[in-house]
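Working notes for the structure below.
In the numbering used here, the protein residues as written are 29 to 236.
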């Protein structure tokens with residue numbers, strides 16, 4: 029009986045650690061910003077959608093063993109809103125053999141007005157964008173890039189991740205990859221997408 033109680037207690041602790049999470053919400057007035065730059069290697073996924081013409085909204089979900097120490101950093105330089113992640117000042121990482129295996133998942137949902145540009149630089153992030161966005165730029169290493177129902181200009185680059193784009197009529201595009209490309213877009217249009225991957229597949233298709 030004592031062994032059963034012990035096992036239940038251990039399972040409860042493990043489950044609690046796995047489910048540990050928090051949500052951070054932030055908002056900015058558009059008049060002060062024309063570009064959003066997200067740069068962090070801690071982020072697992074970024075979802076970008078177009079929304080209100082007056083505000084930029086960001087919801088960050090954090091899960092993992094040290095979730096409570098994660099903070100969203102922000103800095104407005106000129107008209108660029110720079111967003112990143114870090115840890116609280118009191119956080120001191122443990123120097124143990126298990127440190128490299130500790131899982132921390134950070135996901136962001138960014139909603140921007142149609143006239144705001146978005147730039148994402150990350151080694152680990154995957155990007156999903158949907159709607160009308162003035163300009164989107166991605167520089168990704170391991171992550172994938174997916175554009176759905178997209179209208180706007182874009183410059184997309186990945187090292188290992190695939191690029192998949194479905195666009196409105198009137199959007200042109202160029203696809204570059206040694207691993208293989210599918211391109212249904214013309215080389216001209218009201219908007220233009222340039223997509224390049226070194227080791228991933230690239231697909232640019234028209235959305236009817």
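Glycine included, each C-beta is placed from N, C-alpha and C at the ideal position.
Where residue i falls: helix, strand or coil (DSSP)
i	result
residue 48	coil
residue 207	coil
residue 31	Interpretation of residue 31 is limited by its pLDDT of 45, a score under 50 that renders its predicted location unreliable; the figure taken from the coordinates is listed afterwards. Residue 31 falls in the helix class under three-state DSSP.
residue 25	Because the chain here runs from 29 to 236, residue 25 falls outside it and cannot be looked at.
residue 125	Confidence is the limiting factor: at residue 125 the pLDDT is only 46, short of 50, which leaves the residue's position unreliable and the question unanswerable from this model.
residue 58	helix
residue 189	coil
residue 78	strand
residue 172	coil
residue 102	strand
residue 69	coil
residue 196	coil
residue 184	strand
residue 235	coil
residue 13	The structure shown does not extend to residue 13, since the chain is modelled only from 29 to 236, so the question has no answer here.
residue 161	strand
Residues of its chain near residue i, where Cβ-Cβ distance is below 6 Å and the 5 sequence neighbours each way are ignored
i	result
residue 103	110
residue 127	With a pLDDT of only 46 at residue 127, under 50, the local geometry of the prediction cannot be trusted, and the value read off the model is given with reservation. Contacts found: none.
residue 147	65, 165
residue 230	191, 203, 205, 209, 223
residue 183	165, 222
residue 108	63, 65
residue 155	74, 148, 166, 173
residue 139	77, 79, 85
residue 200	213, 214, 215, 216, 217, 220
residue 67	112, 149
Exposure label - residue i; buried when at least 16 CB within 10 Å
i	result
residue 106	exposed
residue 213	buried
residue 80	exposed
residue 88	buried
residue 57	exposed
residue 215	exposed
residue 198	exposed
residue 157	buried
residue 59	exposed
residue 179	buried
Chain C contact for residue i (CB, 8 Å cutoff)
i	result
residue 184	Within the model displayed, chain C is absent; a lone protein chain is all it includes.
Closer than 7 Å: residue i CB and nearest the ligand NAD heavy atom
i	result
residue 221	Among the ligands in the structure shown, none appear at all, so the ligand NAD cannot be discussed.
DSSP beta-bridge partners of residue i
i	result
residue 97	Note: residue 97 sits in no beta bridge, so no partner.
residue 221	182, 201
Own chain partners of residue i with C-beta closer than 7 Å, once the 5 adjacent residues on each side are dropped
i	result
residue 114	99, 101
residue 211	201, 203, 232
residue 30	Note that residue 30 scores 43 on pLDDT, short of 50, meaning its location in the model is unreliable; the coordinates nonetheless yield the value given after this. Answer for residue 30: no residue qualifies.
Sequence-distant residues of its chain with Cβ nearer than 8 Å to residue i (five each side left out)
i	result
residue 169	150, 151, 152, 186, 187, 188, 189
residue 162	142, 143, 144, 145, 180, 181
Practice task
Assess, as a yes-or-no matter, whether the segment 218-230 is touched by the segment 168-183 under the definition of 3 or more beta carbon pairs within less than 8 Å.
Solution key: yes
Exercise for the section: Please determine if the segment 129-145 and the segment 75-95 are in contact, where contact requires at least 3 C-beta pairs separated by less than 8 Å. Expected result: yes
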